[in-house]
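S.K.: My structure is below; once you've seen it, I'll send some questions.
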Amino acid sequence: MKKVLTVLLIALLILSAAACTKKNESDAPASSSVDLTQWKTLGDIWEYEFWGSVVEEGTYIRAFKAEDGYYRVETDVPQDVAEKLDAIDFFDKTMEEQEKALMKDLPIKTIINLSEVLLSQSDLDALAGKTGQELLDMGFVPQGSNGFSTQEQLSWATLEKGPFVYEVTFQEYVDVDDDPNIAAVIRPLTVKSVTFSGVSQYATDKAFDINGGKSLADYEAMFSGD
Numbered sequence: 000m001k002k003v004l005t006v007l008l009i010a011l012l013i014l015s016a017a018a019c020t021k022k023n024e025s026d027a028p029a030s031s032s033v034d035l036t037q038w039k040t041l042g043d044i045w046e047y048e049f050w051g052s053v054v055e056e057g058t059y060i061r062a063f064k065a066e067d068g069y070y071r072v073e074t075d076v077p078q079d080v081a082e083k084l085d086a087i088d089f090f091d092k093t094m095e096e097q098e099k100a101l102m103k104d105l106p107i108k109t110i111i112n113l114s115e116v117l118l119s120q121s122d123l124d125a126l127a128g129k130t131g132q133e134l135l136d137m138g139f140v141p142q143g144s145n146g147f148s149t150q151e152q153l154s155w156a157t158l159e160k161g162p163f164v165y166e167v168t169f170q171e172y173v174d175v176d177d178d179p180n181i182a183a184v185i186r187p188l189t190v191k192s193v194t195f196s197g198v199s200q201y202a203t204d205k206a207f208d209i210n211g212g213k214s215l216a217d218y219e220a221m222f223s224g225d
């Protein structure tokens, strides 16, 4: 009998450990299970879910999602290709196909797994109860979209942190102007919940740093009147 109880206890401990591991894995930031070495040219990643791109000073940057992760690639763009890209009509329905034809064979120079700094939902849940000021101190910067109204009981804003955007809802309701300084609006408010929203524009900045992000000072300078 003692032996049976011991075996059952061990089995329960194994099941418990497995359940905890599964929970932790599902709650962790998305990590890459993709073999990055398979991506040699832009054509190799072109059909993945697109999240933004930019051509700047001879460099093409593209952010995308592949399977369970988010990535950023950089590619050198020859002058003749850059000139042909500039000549494409933005309103042409075949613009995407023309861009792919011009760039699909360009070799990828660098690949960054953006998901390394993606906050997990448990990380986001832990932000509940903090103030807007505390979020700003942690590196969150207003992204642009927001909804605040005492009458309609709206209180949310999108904030970016590094290469990602998160939607934050607040407990208190306030009214704002047409073009508010969201940083000033949220400072005294209390966080109710935070969810992942998408990839930020910073993910395609030329001077990208995976541990960096947009500057709060630069954002608030737009409202300084200088």
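According to numbering that gives the first Met the number 0, the sequence shown is numbered sequentially starting from 0.
From the three backbone atoms N, C-alpha and C, an ideal C-beta is built for every residue, glycine too.
Bear in mind the structure is a predicted one, so any value in this text is a computation, not a measurement.
Need the endpoints of the alpha helix (DSSP H) that L41 sits in, please.
M.R.: For this step, residue 41 is matched to residue 42 along the sequence shown. Where L41 is concerned, the enclosing alpha helix (DSSP H) stretches over 41–44.
S.K.: Using DSSP's beta-bridge definition, name the partner residues of V167.
M.R.: In the sequence shown, counting from the first residue as 1, residue 167 sits at position 168. A156, V193, per the DSSP bridge assignment.
S.K.: Pull up the distance between the alpha-carbon of L123 and that of S154, whole angstroms please.
M.R.: Residue numbering aside, residue 123 sits at position 124 when the sequence shown is read from its first letter. Residue numbering aside, residue 154 sits at position 155 when the sequence shown is read from its first letter. Going from the Cα of L123 to the Cα of S154 covers about 17 Å.
S.K.: In the structure shown, what three-state DSSP assignment does D217 receive?
M.R.: For the purposes of this step, residue 217 is identified with residue 218 of the sequence shown, where counting begins at 1. DSSP places D217 in helix when its eight states are reduced to three.
S.K.: In angstroms with no decimal places, state the Cα-to-Cα distance between Y36 and I107.
M.R.: For the purposes of this step, residue 36 is taken as residue 37 along the sequence shown, with counting starting at 1. For the purposes of this step, residue 107 is taken as residue 108 along the sequence shown, with counting starting at 1. One detail in the question is off: residue 36 reads as Thr in this sequence, not Tyr. Cα to Cα, the separation comes out at about 10 Å.
S.K.: Considering Cα atoms alone, identify which of D88, Y69, F89 is closest to G197.
M.R.: As a working mapping, residue 197 is identified with position 198 in the sequence shown. Looking at the Cα atoms, Y69 is the closest of the given residues.
S.K.: Under the rule that 16 or more other beta-carbon atoms within 10 Å means buried, what is M221, buried or exposed?
M.R.: The residue labelled residue 221 in the question sits at position 222 within the sequence shown. Classification of M221: exposed, given that the 10 Å Cβ count is below 16.
S.K.: For P162, does the count of other Cβ atoms within 10 angstroms reach 16, so buried, or fall short, so exposed?
M.R.: If you number the sequence shown from 1, residue 162 lands on position 163. The residue in question, P162, is buried, as its Cβ has 16 or more Cβ neighbours within 10 Å.
S.K.: Applying the 10 Å Cβ sphere with the 16-neighbour rule, what's the burial state of K21?
M.R.: As a working note, residue 21 is residue 22 in the sequence shown. Residue placement at K21 cannot be trusted, given a pLDDT of 38 that sits under 50; the coordinates are not used to answer.
S.K.: Inspect the beta-carbon positions of F207 and K191 and report whether they are closer than 7 Å.
M.R.: For the purposes of this step, residue 207 is identified with residue 208 of the sequence shown, where counting begins at 1. For the purposes of this step, residue 191 is identified with residue 192 of the sequence shown, where counting begins at 1. Taking 7 Å as the Cβ cut-off, F207 and K191 do not qualify as a contacting pair.
S.K.: Tell me the DSSP bridge mates of F63?
M.R.: Counted from its first residue, the sequence shown places residue 63 at position 64. DSSP, once it has assigned bridges, lists F49, Y70 as partnering F63.
S.K.: Mapping the DSSP letters down to three states, classify V173 as helix, strand or coil.
M.R.: Sequence index remark: in the sequence shown, residue 173 carries index 174 (1-based). Residue state, collapsed to three classes: coil.
S.K.: Mark N145 as exposed unless 16 or more other C-beta atoms lie within 10 angstroms of its C-beta, in which case mark it buried.
M.R.: As a first step, residue 145 must be located in the sequence shown, where it is residue number 146. Answer is buried; the Cβ neighbour count reaches 16.
S.K.: Rounded to the nearest angstrom, what separates D104 and Q142 at their Cα positions?
M.R.: Residue 104 sits at position 105 when you count from the first residue of the sequence shown. Residue 142 sits at position 143 when you count from the first residue of the sequence shown. Those two C-alpha atoms are separated by around 34 Å.
S.K.: My output table needs one value for G131: the three-state DSSP class, helix, strand or coil.
M.R.: Locating residue 131 in the sequence shown gives position 132, counting from the first residue. It is helical.
S.K.: Where does the unbroken alpha helix (DSSP H) through I209 begin, and where does it stop?
M.R.: Taking the sequence shown and counting its residues from 1, the one referred to as residue 209 is at position 210. Where I209 is concerned, there is no enclosing alpha helix (DSSP H), given that its DSSP letter is neither H nor E.
S.K.: Measuring alpha carbon to alpha carbon, tell me which of V140, A100, S121, T203 ends up nearest L41.
M.R.: Residue numbering aside, residue 41 sits at position 42 when the sequence shown is read from its first letter. Comparing Cα-Cα distances from L41 to each of V140, A100, S121, T203, the minimum goes to A100.
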